[in-house]
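Those letters in the sequence shown? Residues 4 to 278, per our numbering, in order.
Glycine included, every Cβ here is placed at the ideal spot set by N, Cα and C.
Structure, as structure tokens:
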Amino acid sequence: MIEALKVIVLGIVEGITEWLPISSTGHLILVEEFIHLKMSDAFIEMFNVVIQLGAIMAVVVLYFHKLNPFSPRKTEKQKMLTIQLWVKVLIASIPAAVIGLAFDDLIDQHFMNYVVVAIMLIVYGVAFIIVENRNHKVEPTARRLTELTIPMVLIIGCFQVLALIPGTSRSGATIVGALLIGTARSVAAEFTFYLAIPVMFGASFLKILKFGIHFTFAEFFLLLIGCVVSFGVSILAIKFLMGYIKKHDFKVFGYYRIVLGIIVLLYFGISMLLS
4 MIEALKVIVL
14 GIVEGITEWL
24 PISSTGHLIL
34 VEEFIHLKMS
44 DAFIEMFNVV
54 IQLGAIMAVV
64 VLYFHKLNPF
74 SPRKTEKQKM
84 LTIQLWVKVL
94 IASIPAAVIG
104 LAFDDLIDQH
114 FMNYVVVAIM
124 LIVYGVAFII
134 VENRNHKVEP
144 TARRLTELTI
154 PMVLIIGCFQ
164 VLALIPGTSR
174 SGATIVGALL
184 IGTARSVAAE
194 FTFYLAIPVM
204 FGASFLKILK
214 FGIHFTFAEF
224 FLLLIGCVVS
234 FGVSILAIKF
244 LMGYIKKHDF
254 KVFGYYRIVL
264 GIIVLLYFGI
274 SMLLS
């Protein structure tokens, strides 16, 4: 029962932080200091995979019609635009796929620590504030997804590569990149959601191949709970973000990241001094 409650809390944290540009890694590092799953390393690795899959399924469900090029409710032109959108998403995914495959293990070994996470939380928090201040009186050059060009999506894809560094936030990195090249906030957020589909599915598939699926019924049930909770909370988080940015900018997330980064540094720094 206790493990199930822990799984629910971690699923909630993943569902919120995967889509808001505040770093799921940063939050999970803090939460896991207080909530320890008493399970095997293989289970914990797989748990991280399935809660990410739950989060990404929320995007698929929410935007299924928009992402489906075969919908009978679409005109031929709309179907073609949907195919073009998928091409752009796949092109933007290339940089992260190439770099991620080459350096995934290296990054996990050398960058998965609280100092790197805290620094990246603060750096991108500052970046959000600077970019939003710069864009305050600048008209976006891309107000719709159809206005994104191939060079623009490649640049966004390159920013997604930066999210391989823990604490950066995949959505945070791609949104900052999209805002820098002149997209509207809604376009930046929505394209970030779509860009997560191939990247996160691919990363999850590689993890499953690496660790395999060898769990008891009880462990499988806990994995299912985490996935479902992450899915449900992700739907709420995505709807909240898209509604919020219609009237507000991203600066509040920047300030939040800076505060969280300082908390992470202080908490782990003091813990090390006291140990």
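- Closest in alpha carbon position to T186, among F162, L104, P143 and P154, is P143.
- Secondary structure at A240: helix, using DSSP grouped into helix, strand and coil.
- Just measuring C-alpha positions, the residue of L209, I178 and Q163 sitting nearest S96 is Q163.
- Going by DSSP, S43 is part of no alpha helix (DSSP H) at all; its letter is neither H nor E.
- Bounds of the alpha helix (DSSP H) holding K9 are I5 to T20.
- Pairing M42 with E6 gives a Cβ-Cβ distance under 9 Å.
- From the listed residues R173, K82, F220 and R188, the smallest Cα separation to A199 is found for R173.
- Closest in C-alpha terms to Q81, from the list I266, F223, M245 and L148, comes L148.
- Rounded to the nearest angstrom, the Cβ distance from V52 to I211 is 6 Å, consistent with a contact under 8 Å.
- Under the three-state reduction of DSSP, T186 is assigned to strand.
- Between the region 263-278 and the region 104-118, the count of C-beta pairs closer than 8 Å reaches three or more; the two stretches touch.
- Boundaries of the alpha helix (DSSP H) around A121: Y117 to R137.
- By the Cβ neighbour-count rule, Y258 is exposed, with fewer than 16 other Cβ atoms within 10 Å of its own.
- Non-local C-beta neighbours of L56 in its own chain, meaning closer than 7 Å and more than five positions away in sequence, comprise S207 and C230, ordered along the chain.
- Between N136 and K254, the C-beta spacing is below 9 Å.
- Rounded to the nearest whole angstrom, the C-alpha separation of Q87 and F37 is 45 Å.
- Around the beta-carbon of T195, 16 or more other beta-carbon atoms lie within 10 Å, marking it buried.
- Taking C-alpha positions only, A191 is separated from H30 by approximately 23 Å.
- Exclusion of the five residues before and after L182 leaves V134, E135, N138, R188, A191 and F253 as the residues of its chain whose Cβ lies within less than 8 Å of its Cβ.
- Secondary structure note for G170: it is in no alpha helix (DSSP H), with a DSSP letter that is neither H nor E.
- Around the CB of P169, 16 or more other CB atoms lie within 10 Å, so the residue is classed as buried.
- Between G103 and L167, the beta carbon gap of about 6 Å places them in contact (Cβ cut-off 8 Å).
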